[in-house]
Amino acid sequence: MQKHLVEIKARAGSGDHARQRRVLLAAGADFRGTDHQVDHYFRVPEGRLKLRIGNIERSLIFYRRPDAAGPKDSSVSLTRLESEAAATDLVDTLGRALGSWVVVDKQREIYFIDNVKFHLDRVAGLGDFVEIEAIGSSPEEREALLEQVNHYRHLLGVEDGNLVAHSYSDLLAGAGN
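Residue numbers for the sequence shown follow this note's numbering, beginning at 1 and rising by one.
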């Protein structure tokens with residue numbers, strides 16, 4: 001499945017998740033659950049390839065996204081995996097074929113409002129973050145998706161100084177520190 005996203009990631013301070021959770025629920029967000037996700041990243045010549053193993057979400061995901069602190073566009077290809085056993089086998093196969101790069105372990109609360117997905121993340125070794133992803137099917141939707149991200153960013157109180165340019169994988173691997 002091919003998608004186009006406009007997204008932001010920001011550091012969350014003490015008490016931010018509790019406040020953001022209240023704001024999301026008051027805005028009518030659908031809470032999908034808390035997922036323990038382990039993302040296995042593989043060495044690829046361009047973009048990022050990860051295999052996510054979680055209780056709620058299990059997927060092989062390839063994406064291209066610039067490293068920028070503000071809203072950024074992502075081109076995403078996603079294949080859902082039916083079982084944890086298949087995902088675990090695929091981690092081994094891809095690791096042998098491409099080489100493993102880094103593993104990201106996180107607890108993620110997942111919320112949706114229409115086509116906008118919200119993550120309240122606690123990432124091992126990095127701390128707390130909030131992500132907002134407006135999901136569309138093509139780059140032609142960029143302006144509408146950007147408007148959604150900016151609306152929810154302000155609603156959740158995400159300040160410019162807390163925006164993060166890099167992925168969790170890059171942060172754990174030492175980029176952007």
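Using N, Cα and C, we set each Cβ at its ideal position, and we do this for glycine too.
A distance below 7 Å separates the beta carbons of T79 and L60. Under DSSP, the beta-bridge partners assigned to V103 are H40. Assignment of beta-bridge partners to A10 by DSSP yields V130 and L163. In the structure shown, the three-state DSSP call for E109 is strand. Taking the CA atoms as reference points, V44 sits about 16 Å from P66. If you ignore the 5 residues before and after H154, its C-beta comes within less than 6 Å of no other C-beta in its own chain. At a Cβ-Cβ threshold of 7 Å, A10 and V158 count as neighbours. For D89, the uninterrupted alpha helix (DSSP H) run begins and ends at E84 to L98, by DSSP. The alpha-carbon separation between T88 and H36 amounts to approximately 15 Å. In this chain, the beta strand (DSSP E) harbouring L51 covers R48 to I53.
In the three-state reduction of the DSSP assignment, L120 falls in the strand class. In this structure, the alpha-carbon of V123 lies about 26 Å from that of L145. Here Q2 is exposed, its C-beta having fewer than 16 other C-beta atoms within 10 Å. Counting C-beta pairs with one atom in each stretch, the region 101-120 and the region 27-42 have three or more that are closer than 8 Å, which means they touch.
Around the beta carbon of P71, 16 or more other beta carbons lie within 10 angstroms, which makes this residue buried.
By the neighbour-count definition (other C-beta atoms within 10 Å, threshold 16), H151 is an exposed residue.
Inter-residue distance for D170 and G47 is about 12 Å (C-alpha atoms, whole angstroms).
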